[in-house]
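Participant: Residues 1 to 793 (the UniProt record's numbering) make up the sequence shown, in order.
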Amino acid sequence: MAEKTTIDPPQDESGRKGAGKALSRCTLCAVLRKRRWWFLLPGVVLALFMLWLQLAPCRHPLEDVSFSRVVRDSKGGLMRLSLSKDQKYRVYTRLADIPPAAVDAVLRYEDRYYWHHPGVNALALVRAGYGLLTGKRLMGGSTITMQVARLTYGLETGKIGAKLRQILLAVQLNWKFSKEEILEAYFNLAPYGGNIEGLGAASIVYFHKTPEELTPGESMSLMLVPQNPVQRRPAQDNQHFTAALHRLEAAWHGRKEHAPLRVYGVGDLPFAAPHLSTELLQQPQGDNLLRTTIDPASQKKIERHLRLFTARQRAYGLTNGAVLLVHWPSMEVRALAGSANFFDDGIMGQMDGTRARRSPGSTLKPFIYALALDQGLIHPLTLLADTPRSFSGYDPENYDGSFRGPIGAANALRSSRNVPAIALAARLKNPNFYGLLRSAGVAFLSEENHYGLSLVLGGAEVSMRELAGLYAMLANKGIWRPLRFLHGTGREDTALPLLSPEAAFVTLSMLEDGDPDRQVRSQRGATLPLRLKTGTSNGFRDAWATGIVGPYVLVVWLGNFDNRPNPLLVGAISAVPLFTQIARELAASEPMQDHFSEPAHGLNVEQIEVCAATGDLDTSLCADTAKTWFIPGVSPLAPSGVFRSILIDKTTGLRACMPQEGRTEVQTWEFWPTDLAQMFARAGMPKPEPPPFAPECGDKNAASGNPPRIVQPKDGLVYRLSLSDKGHEKLAFIAHAEAGVKHLHWFVNGSYLGSRAPGEILLWQAVPGDAEVRVVDDAGRASQRRLRVRVSQ
Numbered sequence: 001m002a003e004k005t006t007i008d009p010p011q012d013e014s015g016r017k018g019a020g021k022a023l024s025r026c027t028l029c030a031v032l033r034k035r036r037w038w039f040l041l042p043g044v045v046l047a048l049f050m051l052w053l054q055l056a057p058c059r060h061p062l063e064d065v066s067f068s069r070v071v072r073d074s075k076g077g078l079m080r081l082s083l084s085k086d087q088k089y090r091v092y093t094r095l096a097d098i099p100p101a102a103v104d105a106v107l108r109y110e111d112r113y114y115w116h117h118p119g120v121n122a123l124a125l126v127r128a129g130y131g132l133l134t135g136k137r138l139m140g141g142s143t144i145t146m147q148v149a150r151l152t153y154g155l156e157t158g159k160i161g162a163k164l165r166q167i168l169l170a171v172q173l174n175w176k177f178s179k180e181e182i183l184e185a186y187f188n189l190a191p192y193g194g195n196i197e198g199l200g201a202a203s204i205v206y207f208h209k210t211p212e213e214l215t216p217g218e219s220m221s222l223m224l225v226p227q228n229p230v231q232r233r234p235a236q237d238n239q240h241f242t243a244a245l246h247r248l249e250a251a252w253h254g255r256k257e258h259a260p261l262r263v264y265g266v267g268d269l270p271f272a273a274p275h276l277s278t279e280l281l282q283q284p285q286g287d288n289l290l291r292t293t294i295d296p297a298s299q300k301k302i303e304r305h306l307r308l309f310t311a312r313q314r315a316y317g318l319t320n321g322a323v324l325l326v327h328w329p330s331m332e333v334r335a336l337a338g339s340a341n342f343f344d345d346g347i348m349g350q351m352d353g354t355r356a357r358r359s360p361g362s363t364l365k366p367f368i369y370a371l372a373l374d375q376g377l378i379h380p381l382t383l384l385a386d387t388p389r390s391f392s393g394y395d396p397e398n399y400d401g402s403f404r405g406p407i408g409a410a411n412a413l414r415s416s417r418n419v420p421a422i423a424l425a426a427r428l429k430n431p432n433f434y435g436l437l438r439s440a441g442v443a444f445l446s447e448e449n450h451y452g453l454s455l456v457l458g459g460a461e462v463s464m465r466e467l468a469g470l471y472a473m474l475a476n477k478g479i480w481r482p483l484r485f486l487h488g489t490g491r492e493d494t495a496l497p498l499l500s501p502e503a504a505f506v507t508l509s510m511l512e513d514g515d516p517d518r519q520v521r522s523q524r525g526a527t528l529p530l531r532l533k534t535g536t537s538n539g540f541r542d543a544w545a546t547g548i549v550g551p552y553v554l555v556v557w558l559g560n561f562d563n564r565p566n567p568l569l570v571g572a573i574s575a576v577p578l579f580t581q582i583a584r585e586l587a588a589s590e591p592m593q594d595h596f597s598e599p600a601h602g603l604n605v606e607q608i609e610v611c612a613a614t615g616d617l618d619t620s621l622c623a624d625t626a627k628t629w630f631i632p633g634v635s636p637l638a639p640s641g642v643f644r645s646i647l648i649d650k651t652t653g654l655r656a657c658m659p660q661e662g663r664t665e666v667q668t669w670e671f672w673p674t675d676l677a678q679m680f681a682r683a684g685m686p687k688p689e690p691p692p693f694a695p696e697c698g699d700k701n702a703a704s705g706n707p708p709r710i711v712q713p714k715d716g717l718v719y720r721l722s723l724s725d726k727g728h729e730k731l732a733f734i735a736h737a738e739a740g741v742k743h744l745h746w747f748v749n750g751s752y753l754g755s756r757a758p759g760e761i762l763l764w765q766a767v768p769g770d771a772e773v774r775v776v777d778d779a780g781r782a783s784q785r786r787l788r789v790r791v792s793q
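#1: Mind listing, in chain order, the continuous alpha helix (DSSP H) runs of no fewer than 4 residues lying wholly within the segment 411-481?
#2: Which class does residue 98 belong to by DSSP, given the choice of helix, strand or coil?
#3: Does the count of Cβ pairs from the segment 608-615 and the segment 624-644 closer than 8 Å reach three?
#4: Would you mind giving the Cβ-Cβ distance between residue 222 and residue 202, rounded to the nearest angstrom? I have them listed as a contact below 8 Å.
#5: By DSSP, does residue 266 sit in helix, in strand, or in coil?
#6: What's the call for residue 71, buried or exposed, on a 16-neighbour Cβ count within 10 Å?
#7: According to DSSP, simplified to helix, strand and coil, what is residue 188?
#8: Do residue 567 and residue 474 have their beta-carbon atoms positioned less than 8 Å apart in this structure?
#9: Whose C-alpha, out of 68, 98, 77, 406, is nearest the C-alpha of residue 91?
#10: Short check: CB of residue 558 to CB of residue 541, under 8 Å?
#11: Nearest CA to the CA of residue 97: which residue from 180, 114, 694?
#12: Are the beta-carbon atoms of residue 363 and residue 467 separated by less than 8 Å?
#13: Just curious, the beta strand (DSSP E) that residue 747 is in, first and last residue?
#14: Over the uninterrupted beta strand (DSSP E) stretch that includes residue 544, give me the two end residues.
#15: Does the count of Cβ pairs from the segment 651-667 and the segment 378-390 closer than 8 Å reach three?
#16: Counting along the chain, where does the alpha helix (DSSP H) carrying residue 581 start and finish?
#17: How about the segment 470-486 and the segment 423-441: do they share at least three Cβ pairs that are nearer than 8 Å?
#18: Thinking just about the alpha-carbon of each residue, which of 78, 707, 372 is nearest to the one in residue 294?
#19: Can you tell me whether DSSP reads residue 379 as helix, strand or coil?
#20: According to DSSP, is residue 754 part of a helix, a strand, or is it coil?
#21: So is residue 52 buried or exposed if we call it buried at 16+ other beta carbons inside 10 Å?
#22: Quick check on the burial criterion: 16 or more other C-beta atoms within 10 angstroms. Buried or exposed for residue 174?
#23: Which residue comes first and which comes last in the alpha helix (DSSP H) that contains residue 365?
#24: At the level of alpha carbons, what is the spacing between residue 673 and residue 340?
#25: Could you spell out where the alpha helix (DSSP H) holding residue 240 opens and where it closes?
#26: Residues in its own chain within less than 7 Å of residue 736 by CB, not counting five upstream and five downstream?
#27: What is the C-beta distance between residue 148 and residue 182, in whole angstroms, given that I count them as a contact (C-beta under 8 Å)?
#28: Could you name the residues of the same chain whose beta carbon sits closer than 8 Å to that of residue 412, not counting the 5 residues immediately before and after it, in chain order?
#29: Among residues of its own chain, excluding the 5 on either side of residue 352, which ones have a beta-carbon nearer than 6 Å to its beta-carbon?
#30: Have a look at 779, 610, 529 and flag the residue whose alpha-carbon is nearest the alpha-carbon of residue 593.
#31: Mind reading off the beta-carbon distance from residue 644 to residue 718? Whole number of angstroms is fine, and I expect it under 8 Å.
#32: What distance in whole Å lies between the Cβ atoms of residue 144 and residue 582, which are believed to be in contact at a cut-off of 8 Å?
#33: Compare the Cα-Cα distances from residue 565 to each of 783, 649, 359 and report the closest residue.
#34: Excluding the 5 residues flanking residue 185 on each side, which residues of the same chain have their C-beta closer than 6 Å to its C-beta?
#35: Does DSSP put residue 622 in a helix, a strand or coil?
Shown next, in the form of C-alpha cells:
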C-alpha cells in the first residue's frame, strides 16, 4: 500500500504575524493568570492581621504589676509608703482620681491625637522617620499607647525590629482595650526617675500629695519627667528639670518668672506610727490603701511625752515604755507608740510593746470586783478583810508588806490590796475570773489550773491591747468588742455582753478617788476624773497605769524589753505621772465630758446610805454613814454582824439574858472577828470585847455567827517530815473566831488536844498520815480541815 504524504499549504508573511500575535496574547493571559494573587495579597494580609488582632493573646497592661501599699492616718495624711514586690514606688491610681486638667495637659504634651488614632500616629511616625534620616529631630513619633506597650513588655526600642514590634503591640492594645484603660495604665507605669513609677507615686514622693491635690505647676512639672526620667528627675537642684519646666511654661503660658517648687525626695517620705504601719505592711497582701484609725495629732502627743519622759529617766535606768490610746465608743486605736524610740537599737526600739505579753500586776483587779458586783458578793462599801490568809498553800502579801484589816471594797480596789481581791476571786462562780478574761480576748498561754489564784496578781501575761479592750468593756456598759486599727472594719465584729451595764458603771465609779491630782480639765473647762488602776509586776519589771480619760482608754507601760528590773518600775511612782501628763494634754485639746458622773438612763442602780464602817444597809446602830451605789435585786443585803445591840446588866456589867426595867440597858457593841480585832489593837485602836453572859443565862451565849477560821495548818498543803526529825517535829495550829469567843478547842481525828485563845498557837506532835483537824469555839461553832503529813525520802 502506498504511503500517504500530507503537505501543508504555504503561508504568507501576514499569516505568520497573526500567529505571533495570538501566541503573545496567550502568554500574557497565562502570566496574568499566575499573578492574579498579587491583587488579593493586601486583602489577605489585612485579614490575617485582623485575625491576629482578634485571637492573639494580649494581657492587660497592669496585669501582674505589683503596687506599693499606702498607709494613711484617719485624716488622710500619709504615714508610710512601701516598695512594690519589684522594689518600685508604684501607687495604683484610677484615671478618675486624676484631675481632667492634668490629663488634658499630658495628652497635649505627649499625644494630642490620642483619642483619634488606632494606637499609632502614622503622620507622627513619618515625621519622626524623616527627622531620623535628615538628622533633624523634629518630634518624637511614639504615642502614649506605644509607650504603654514598651513599658508593659519591657521593649528596647532602639532597633528597627523592636520598634516595629512596639507598633504592632500598640495597635493590638488599642484593639483590645479602651482608651481609658490604656491611659490609666500609662499614668501607673510611666517612669518618673529612679525607682519611682506612675503619677500616684511621683506625686506622693515629690510633693507629698495625691494627684488630685497637685497644683497646676506641680502637675506640669511631673508631666515633663517620663520623656527623660534620668535627666529630668524632680529635684530642686536638678537644672535639667527646672530648665525644662521653665521652657514649657514660657511656651504654653508665656511666663518667664517662676515661683520655686518645694520638691521632696524618697528620704523625706513620712514614717509615722512606725510600729503599727510596719505591722500592717507585714500582713498578707490585701488592699493597697490602708486607712488607719490613727489620729496624727494624738500620735504626736503620746510619742513626744513618752520620748521626753524616758529621756529624763534614762539616768536612772528607765529607758523604755509604750503607750496606747483607744477611743472606746468606736474602739478605734487613735495613737500607738510601741517603744520610746523605734530607731534606737540600744533599747530594742523596733519591738512593739503594745503587742508584747507582760505581767499586768494589779491592772486586772477591777474585773474581779466587777464580777463580784454582778454576782451579788459586794457593793462598793462592803467590808472586806485585808489580813494574812492562806489560799490552798498560797500566802499572798501586799506590795507594802503590811495589812490594813477591815477595808471597804472600793478602797481595797483603789489601793490594790491583794488579800481582799484574792478572797473575792476565790468566791466567784460562773463566770470566774479566768473565764471572763478569756471571753474578753485574753490569749492565755496555759489552762486555768496552771495559774490558780496567782492570776489575780498578774500571774498570767497579757498585752497592752488586751488590757485596753478590757477597760473599754467597762466604758461600753460591759460589752466587749475588738480593737479597730483600720477604717471600714470592725463594725460588724462580734459584740459580747460579758458584764452587766450596772456592774461596769459601778466598777468605774469605784476607781474614782476624788484626788485633785487625779483630775484634768477639758478644753471647755469641764473637770474630768481619771479613773485609773496601777500595776507593778513581781520583781519590778513592769509599771502600768490604765484607765479612762473622757472618751479614751489610755494604757501606759514602762519597762525594759530585756526584762531588767528597776526599783523605779512601780505603777504609782513612774507610770501614773506619765499617764497624767498625757491625759492633761489630751483633755486640754478637746471639749471632753465625763460620761460616768451619773448612770445612763435606764440603768438599774441607785445611791443608798449605808454604814460607813461596815457597809451594812441597816444604819440604825451606826454613827457614821456614807452613800454608795447599789444594784437593787443584786447587791448583798446580809449584815456584817459587826454592830449589834446587846443587853447589859447595869449592876454587874455582864450581858443580861432578858430585859429588866431599871436594871438592864441596850448598848451598841462592835463584834470584830479576832484577827481584825488584833489588827485594830496593833494600830492603837483596840476594840473592847463584849462582856460575858451572866451565869444565869446558861447556854444563851451560843449566839449565831461565823465559825472559827483555821489559819494553820494551811489548806491543800502536804507537810513533810524528815527522817531525822521524825517524832520530834511539831506543827502549829492557829485559828481566829468571832468577837466574844474566849477559847478555841482543838481536836485531831476526834482526840482532844487542848484549848487556846483565838490567834494563839497550839503545837501538835506531827504524825505521818492523813488526819482531820477540828476546832470548836465556846459557842459551839466548828470548822475542820484535812491534814496530810508525809515522810520525806
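Positions of the beta carbon are idealized from the N, C-alpha and C atoms, including for glycine.
Facilitator: Result, derived from the coordinates:
#1: 418-427, 433-439, 448-451, 464-475
#2: coil
#3: yes
#4: 5 Å
#5: helix
#6: buried
#7: helix
#8: no
#9: 68
#10: no
#11: 180
#12: yes
#13: 744-748
#14: 542-549
#15: no
#16: 576-588
#17: yes
#18: 78
#19: coil
#20: strand
#21: exposed
#22: buried
#23: 365-374
#24: 50 Å
#25: 239-253
#26: 673, 674, 675, 708, 709, 711, 758, 759
#27: 6 Å
#28: 384, 386, 420, 421
#29: 275, 338
#30: 529
#31: That belief does not hold up - the Cβ atoms of residue 644 and residue 718 are roughly 40 Å apart, past 8 Å.
#32: With 8 Å as the limit, residue 582 and residue 144 do not qualify as a contact, their Cβ atoms being about 53 Å apart.
#33: 359
#34: 61, 62, 148
#35: coil
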